[in-house]
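Peer 1: Just passing along the structure, written as structure tokens.
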Amino acid sequence: MIPAIQATGLVKSFGDHQRALDEVSLHVESGEVLVVMGPSGSGKSTLIRTFNGLESLDEGRLEVLGIPLDADHDEHQIRRIRKRVGMVFQQFNLFPHLSILDNITLAPIRVQRRPRKEAEARANDLLTQMGIAEQAGKYPGQLSGGQQQRVAIARALALQPEIMLFDEPTSALDPERVKEVLDAMRSLANDGMTMVVVTHEMGFAREVADRVLFMDEGKVVETSSPDEFFANAREERSRRFLNQMM
Ligand code: ADP
Ligand code: MG
1 MIPAIQATGL
11 VKSFGDHQRA
21 LDEVSLHVES
31 GEVLVVMGPS
41 GSGKSTLIRT
51 FNGLESLDEG
61 RLEVLGIPLD
71 ADHDEHQIRR
81 IRKRVGMVFQ
91 QFNLFPHLSI
101 LDNITLAPIR
111 VQRRPRKEAE
121 ARANDLLTQM
131 GIAEQAGKYP
141 GQLSGGQQQR
151 VAIARALALQ
161 PEIMLFDEPT
171 SALDPERVKE
181 VLDAMRSLAN
191 DGMTMVVVTH
201 EMGFAREVAD
211 RVLFMDEGKV
221 VETSSPDEFF
231 ANAREERSRR
241 FLNQMM
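Numbering-wise, the UniProt record's numbering puts 156 at position 156 of the sequence shown, and it's gapless, one number per residue.
As structure tokens, then:
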């Protein structure tokens with residue numbers, strides 16, 4: 001089977017600064033949940049953004065769902081990838097002037113040319129799955145952060161992606177709202193979704209991750225099972241990071 005993501009020697013620099021990605025290699029199997037951890041500025045966002053073409057590469061080989069996204073990939077490949085890889089950001093980025101339902105159906109109707117009825121039925125199913133069915137007619141400003149982030153997840157899922165990327169999806173939330181979003185992500189993982197999740201939520205990583213990848217200064221420091229990583233991290237840098245987090 002083709003791995004969901006296969007990356008070898010990824011390099012990315014911004015200007016003449018030090019490399020944001022410095023020879024990063026990793027793979028993600030279909031159905032796997034990879035949690036990416038590391039200090040601020042270690043390259044986590046840059047890495048995850050390369051997986052749907054939001055960030056271009058300077059060097060290295062990257063294939064997502066078998067589609068090459070190397071340094072010389074073209075717009076056509078990016079369009080193919082974006083249809084199959086969903087992304088959720090720290091900021092929910094919902095359209096404030098559209099209802100929750102319209103936020104979710106916009107891309108399926110406009111981009112995928114699906115009939116409105118079908119798109120709305122699927123949107124309502126997704127809102128139910130996210131535990132916010134009763135919010136469909138409201139506007140983003142009327143929802144809590146945790147509810148808005150679950151709408152953002154539903155919106156990404158509406159395009160029926162094969163991989164979901166999450167970049168610190170709970171970092172902008174009030175502490176009491178974090179759990180509801182993590183619960184939605186956990187249920188998605190249990191349904192078999194392939195996921196790459198950048199997060200500092202150690203409980204989530206411990207329970208849901210198949211593997212934890214730890215980055216520092218643009219490099220992969222170690223990739224371990226969550227049990228191994230949290231109980232007995234191999235690398236000194238990982239242990240220092242974990243000590244600071246606890
Ligand atoms: P993380 O998500 O782990 O905090 P980032 O991937 O955002 O790290 O950043 C890695 C490095 O790349 C940092 O030094 C950051 O300043 C730099 N960087 C990221 N995006 C840009 C950009 N658009 N322009 C310039 N530098 C950037
Ligand atoms: Mg980041």
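Every residue, glycine too, gets a C-beta built ideally from N, C-alpha and C.
Determine the burial state of N243: buried for a count of at least 16 other Cβ atoms within 10 Å of its Cβ, exposed for fewer.
Peer 2: So N243 ends up on the exposed side.
Peer 1: In the structure shown, what three-state DSSP assignment does E120 receive?
Peer 2: Helix at E120.
Peer 1: The beta strand (DSSP E) spanning F166 covers which residue range?
Peer 2: Note, F166: beta strand (DSSP E), I163 to D167.
Peer 1: What is the DSSP secondary structure of H17, reduced to helix, strand or coil?
Peer 2: It is coil, neither helix nor strand.
Peer 1: Leaving out five residues on either side along the sequence, give the residues of the same chain with a beta carbon under 7 Å from the beta carbon of Q91.
Peer 2: Closer than 7 Å at Cβ, skipping near neighbours: A172.
Peer 1: Below 8 Å on the Cβ atoms is my contact criterion, and I expect V36 with I48 to pass it. Report the Cβ-Cβ distance as a whole number of Å.
Peer 2: Confirmed, Cβ separation roughly 7 Å.
Peer 1: Using CA coordinates, which residue listed in N52, E59, S45 and F51 is at the minimum distance from G9?
Peer 2: Of the candidates N52, E59, S45 and F51, the one whose C-alpha sits nearest the C-alpha of G9 is E59.
Peer 1: Pick out every residue whose C-beta is nearer than 5 Å to a heavy atom of the ligand ADP: which are they, in chain order?
Peer 2: Result (chain order): F14, A20, S40, G41, S42, G43, K44, S45 and T46.
Peer 1: Determine the contact status of P175 and A205, defining contact as a CB-CB distance below 8 Å.
Peer 2: Not a contact, by the Cβ cut-off of 8 Å.
Peer 1: Among E222, L213 and E201, whose alpha-carbon lies nearest the alpha-carbon of M246?
Peer 2: Residue E201 is the option with its Cα nearest to M246.
Peer 1: Using alpha carbons as the reference points, say which of A233, L182 and L165 lies closest to V28.
Peer 2: Out of A233, L182 and L165, L165 has the C-alpha closest to the C-alpha of V28.
Peer 1: What are the partner residues of F214, as DSSP defines its beta bridges?
Peer 2: According to DSSP, which records beta bridges pairwise, F214 is partnered with M37 and E222.
Peer 1: What are the start and end residues of the beta strand (DSSP E) that includes A7?
Peer 2: First-last of the beta strand (DSSP E) with A7: I5 to K12.
Peer 1: Output the distance between the C-alpha atoms of A209 and R114, rounded to the nearest integer angstrom.
Peer 2: The alpha-carbon atoms of A209 and R114 are separated by roughly 34 Å.
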